[in-house]
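Enquirer: Take a look at this one; I'll ask things after.
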Amino acid sequence: MFEGPIKIWSWNVAGLRACVKKGGHKHIRESGADIVSLQETKCSEFPAEINALDEYPYKKLLMTNEKKGYAGVALLSKEKPIKVEEGMGDVDFDDHARYIQAEFAAFFLIAVYVPNAGQKLVNLQKRGRFDELLLNKLSALNERKAVIIAGDMNVAHQEIDLRNPETNRNKTAGFTDQERNAFTRLLDVGFVDVWRTRNPETTGAYTYWSYIGKRFADNVGWRLDYFVVSQRLFDKVTSCDILNTILSAFSFCQCALLLTLCPWHDFDPSREMATNASQKRKEIYRYKASFNVYAMGWSTKLDNHLKFRLAIGSFIEEYNNKVSIVQLHEDQGEFGHLGTFDHPYPSTKVRTDNESAKSVQSIPNCHHFSLFDLLATTGDYLRIWRIGGHNGASLEVRLDNNRSSEYCAPLTSADWNEVDVSLIGTSSIDTTCTIWQIETGQAVANTEHAIGGNVKTQLIAHDKEVYDIEFSKLSSGRDIFASSGADGSIRMFDLRHMEYSTIVFEEPSKKPLLRLAWNKQDHNYLATFAQNSNEIYILDIRIPSMPVSVLKNHTGSVNGIAWAPHSTCHLVTAAEDCQALIWDVHQIPRAVDDPILAYAAAGEINQVQWSSALSDWISICYDKTLELLRV
């Protein structure tokens, strides 16, 4: 067990053999550090001077298998870790020796050397893959116990972290939007940049200076080296120092950092675990927005750190509206606001790209979708956004299928195909449905948009306005979709046979049908409801024209429906009676008289969604409130 305050030293040595020749090992010893993380060691074995540091009985050195004198990380510790893992499980990066994970009783210590994006950003895409792997790895570890990252992250996160931000933005490795956004995402999932958080306004504090010219003397530098810790560990930090005073003896210009934590006995992992477990038992989480919330969509990503991320859209009766990206940190019991961006007119639907489609090999450049992390919104046009950055997302492309006119027909809804991620369907008040083919190109730099789209097919779907569209998993799971409209009908289409459609249902009084939802497990069933109605129709497409069941327990107009992602017989409905009701319809065609669960909200519910990645959670919105409910 470490005695007294815990000291951790991190240093990019730019070649360990050269470093010790200049006395670098003496600085390590004089620091009294309990744990040492070294990056860019560039050697196949420890120099004798490092082996002679007897106070560190545990030593681990990783060397690259590909290129001699390149990369490499090392770990020294006065206490033997419980367990040590080498690499992140990806051969492209593990062969370059960039990651050591050491588990101690109260935390994981990560020694990491993040790859550089290269001259002219030639390795930016590969760097993006590394950042994504690292984010997933650290997020998963953070759910088990606290994490300390000690290493060269090769990014200047904020403008204050380098001397010349404007001349380097999106031109120089380490200061592209992609790299900075990746670091932002790391902080957003429950981590803290220790030095910057403790020194939020300090300028001119750098850890790297180029060899060229008098960059060190003139302090023209970058802050590329970091201690990043779990949020719940931050209050254990007593100091964090950039040690640039030792650089005068060295031919390289990258300085060390020293982190000091409170004594070991102040850590109480069992108390932390109990606190986390207590927080995770919460049944309801609330987020208060600055606007009335209407549109709402869950992240469909399966990564643990993204499952509780949602997009919410405003309903303001004017041109200027908003979309916010928010994230629930369940271990803390709090929402984090990831950003808000402007949206013309209210967004009628927000939809993220589907995680399940990442494995489809027939789609050109399909893997780029998962890298970009996309969001689709509808209003006046279909817009595709790339999630990330200080505003939450940036616009990739605005898609318009009527470029010959200066006017546009508002879009009422959209759905992203769960099997073929390149397909998005939209519905419009001009009686049409449009299927868009979304295309990607390889991202060379973040300054250029890499997403585009073309109309795959457009058809007149109804006699009046079309209010909703949703793909079905029938057949191949790619080609069939249904729509609902103001003419009171549900119609089904097949992309392989667009010359005809099937009328599945017509509302007896010809009331407009506002929304539809396909059963996620039994694809023969769908649900819909009419305007100003408290009834929900359950339809079986094998028995067209009449519902197999009608659910009637709401006392106000229904506004939303969603099927459970994991069950054939459960769905949730929400209405202006302030209720969210969960139904079990397994006994159909027998009557379903009452819901099995009911929740009373504090306002008229505008919409309800059931998370596909977290089947125990639904979301509702009313007034300025987003609520997540455990079911």
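What the sequence shown shows, in UniProt numbering, is residues 1 to 631, in sequence order.
We treat Cβ as the ideally placed atom computed from N, Cα and C, and that holds for glycine.
The structure presented is a predicted model; accordingly, all values stated were derived computationally and were not measured.
1) Please list the terminal residues of the continuous alpha helix (DSSP H) segment that includes V20.
2) Name the DSSP beta bridge partners of G339, please?
3) Kindly indicate which three-state DSSP category T207 falls into: helix, strand or coil?
4) Give me, in chain order, the residues of the same chain whose beta-carbon lies closer than 7 Å to that of N199; leave out the 5 immediate sequence neighbours on both sides.
5) In terms of alpha-carbon separation, which member of N417, P547 and T528 lies closest to L474?
6) Give me, in chain order, the residues of the same chain whose beta-carbon lies closer than 7 Å to that of N524; leave out the 5 immediate sequence neighbours on both sides.
7) Can you tell which of P57, N320 and Q101 has its C-alpha closest to the C-alpha of N142?
8) Consult DSSP for H25 and reduce its assignment to one of helix, strand or coil.
9) With a threshold of 7 Å on Cβ separation, who are the neighbours of R185 within its own chain once the five nearest residues in sequence on each side are excluded?
10) Are the Cβ atoms of Y345 and S413 separated by less than 8 Å?
11) For F481 and I469, which I take to be in contact (beta-carbon distance under 8 Å), what is that distance rounded to the nearest angstrom?
12) For the pair the segment 111–125 and the segment 156–169, tell me if three or more CB-CB distances fall below 8 Å.
13) Would you check if there are 3 or more beta carbon pairs closer than 8 Å linking the segment 13–24 to the segment 91–99?
14) Can you tell me whether D616 is buried or exposed, with buried defined as 16 or more other CB within 10 angstroms of its CB?
15) Would L224 pass as a contact of L243 if the rule is Cβ separation under 8 Å?
16) So is Q119 buried or exposed if we call it buried at 16+ other beta carbons inside 10 Å?
17) Could you have a look at Q437 and say whether DSSP puts it in helix, strand or coil?
18) Do we get a CB-CB distance below 8 Å when we pair E79 with the residues of chain D?
19) So what's A51 in DSSP terms, helix, strand or just coil?
20) Please confirm whether K464 and D430 have their CB atoms less than 8 Å apart.
21) So which of A52, Y70, Y99 and N606 has the shortest CA-CA distance to V84?
22) Given I160, which residues of its chain have a CB within under 7 Å of its CB, disregarding the five upstream and five downstream residues?
23) Alpha carbon to alpha carbon, what distance is there between L38 and S10?
24) Out of S139, Q178 and Y208, which one is the CA nearest neighbour of V189?
25) Among the candidates I316, G297, F315 and S314, whose CA atom is the shortest distance from the CA of K307?
26) If you run the structure through DSSP and keep just helix, strand and coil, what is R144?
27) A602 to S611, Cα distance in whole Å?
28) With the cut-off set at 8 Å, would you say K624 and A289 are in Cβ contact?
29) Where F183 and E40 are concerned, what is the direct C-alpha to C-alpha distance, given to the nearest angstrom?
30) Can you list, in chain order, the residues of its chain with a C-beta nearer than 7 Å to that of S472? Leave out the 5 residues immediately preceding and following it.
31) Could you give the residue range of the beta strand (DSSP E) that holds Q101?
32) Buried or exposed: K7, going by 16 or more other Cβ atoms within 10 Å of its Cβ?
33) For Q158, name the three-state secondary structure that DSSP assigns.
34) Here's the rule I'm using: 16 or more other beta-carbon atoms within 10 Å means buried, otherwise exposed. How should D152 be labelled?
35) Per DSSP, what kind of secondary structure is E166 in: helix, strand or coil?
36) So, helix, strand or coil for L597, using DSSP?
Expert: For this structure:
1) Taking the sequence shown and counting its residues from 1, the one referred to as residue 20 is at position 20. L16 to K21 is the span of the alpha helix (DSSP H), which, as asked, contains V20.
2) Locating residue 339 in the sequence shown gives position 339, where the first residue counts as 1. According to DSSP, which records beta bridges pairwise, G339 is partnered with I325.
3) Taking the first residue of the sequence shown as position 1, residue 207 is located at position 207. T207 carries a coil assignment under DSSP once its states are collapsed to helix, strand and coil.
4) In the sequence shown, counting from the first residue as 1, residue 199 sits at position 199. Short of 7 Å from the beta carbon of N199, and not among the five residues preceding or following it, lie these beta carbons of its own chain, in chain order: A205.
5) Numbered from its first residue, the sequence shown carries residue 474 at position 474. By alpha-carbon distance to L474, the top candidate from N417, P547 and T528 is N417.
6) Locating residue 524 in the sequence shown gives position 524, where the first residue counts as 1. Annotation for N524: D540, I541 and R542 place their beta carbon closer than 7 Å to its own, counting only its chain and skipping 5 residues before and after.
7) For the purposes of this step, residue 142 is identified with residue 142 of the sequence shown, where counting begins at 1. Closest by alpha carbon: Q101.
8) In the sequence shown, residue 25 corresponds to position 25, counting from 1. H25: helix per DSSP, three-state reduction.
9) Along the sequence shown, read from residue 1 onward, the residue named residue 185 stands at position 185. For R185, where only same-chain residues beyond five positions count, the Cβ hits under 7 Å are L135 and G388.
10) The residue you call residue 345 lines up with position 345 of the sequence shown. The residue you call residue 413 lines up with position 413 of the sequence shown. Result no, Cβ atoms of Y345 and S413 do not sit closer than 8 Å.
11) For this step, residue 481 is matched to residue 481 along the sequence shown. For this step, residue 469 is matched to residue 469 along the sequence shown. Yes, they are in contact, since the Cβ atoms of F481 and I469 sit about 6 Å apart, within 8 Å.
12) By the Cβ criterion, the segment 111–125 is not in contact with the segment 156–169, since fewer than three pairs of Cβ atoms, one from each stretch, lie closer than 8 Å.
13) No: fewer than three Cβ pairs fall under 8 Å.
14) Here residue 616 corresponds to residue number 616 of the sequence shown, with the count starting at 1. Exposed.
15) Here the question's residue 224 lines up with position 224 in the sequence shown. Here the question's residue 243 lines up with position 243 in the sequence shown. Contact annotation: L224 and L243 have beta-carbon atoms that are not nearer than 8 Å.
16) Working through the sequence shown from its first residue, we reach residue 119 at position 119. The residue is exposed, with fewer than 16 neighbouring Cβ atoms inside 10 Å.
17) Walking along the sequence shown from the start, residue 437 turns up at place 437. Reduced to three states, the DSSP call for Q437 is strand.
18) The structure shown contains no chain D, having only a single protein chain.
19) On the sequence shown, residue 51 is found 51 positions in, with the first residue counted as 1. It should be noted that the sequence gives Asn, not Ala, for residue 51. Correct three-state label for N51: helix.
20) Sequence index remark: in the sequence shown, residue 464 carries index 464 (1-based). Sequence index remark: in the sequence shown, residue 430 carries index 430 (1-based). No, the pair does not count as a contact, with Cβ atoms beyond the cut-off.
21) Reading the sequence shown from its first residue, position 84 is the one you call residue 84. That would be Y99, whose Cα lies nearest to the Cα of V84.
22) By one-based count along the sequence shown, residue 160 stands at place 160. T203.
23) Indexing the sequence shown from 1 puts residue 10 at position 10. Indexing the sequence shown from 1 puts residue 38 at position 38. Annotation: S10 to L38 spans about 6 Å, alpha carbon to alpha carbon.
24) Along the sequence shown, read from residue 1 onward, the residue named residue 189 stands at position 189. Comparing Cα positions, the closest option is S139.
25) Taking the sequence shown and counting its residues from 1, the one referred to as residue 307 is at position 307. Ranking I316, G297, F315 and S314 by Cα distance to K307 puts G297 first.
26) As a working note, residue 144 is residue 144 in the sequence shown. In the structure shown, R144 sits in a helix (DSSP, three-state: H, G or I).
27) On the sequence shown, position 602 is the one that residue 602 refers to. On the sequence shown, position 611 is the one that residue 611 refers to. Within the model, the alpha-carbon separation for A602 versus S611 is close to 22 Å.
28) By one-based count along the sequence shown, residue 624 stands at place 624. By one-based count along the sequence shown, residue 289 stands at place 289. Yes; because the gap between Cβ atoms is below 8 Å, this pair is in contact.
29) Counting from 1 along the sequence shown, the entry for residue 183 is found at position 183. Counting from 1 along the sequence shown, the entry for residue 40 is found at position 40. Rounded to the nearest angstrom, the two C-alpha atoms are 20 Å apart.
30) Against the sequence shown, residue 472 aligns to sequence position 472. Same-chain partners within the cutoff: I480, F481, A482, W518 and H523.
31) Within the sequence shown, residue 101 is the residue found at index 101, counting from 1. Element bounds for Q101: Y99 to E103.
32) Locating residue 7 in the sequence shown gives position 7, where the first residue counts as 1. K7 should be labelled buried.
33) Here residue 158 refers to the residue found at position 158 when the sequence shown is read from its first residue. In the structure shown, Q158 adopts coil according to DSSP, grouped into three states.
34) Sequence index remark: in the sequence shown, residue 152 carries index 152 (1-based). By the 16-neighbour rule on beta-carbons within 10 angstroms, D152 is buried.
35) Counting from one through the sequence shown, the residue named residue 166 turns up at place 166. Of the three classes helix, strand and coil, the one that applies to E166 here is helix, per DSSP.
36) Counting from 1 along the sequence shown, the entry for residue 597 is found at position 597. L597 falls in the strand class under three-state DSSP.
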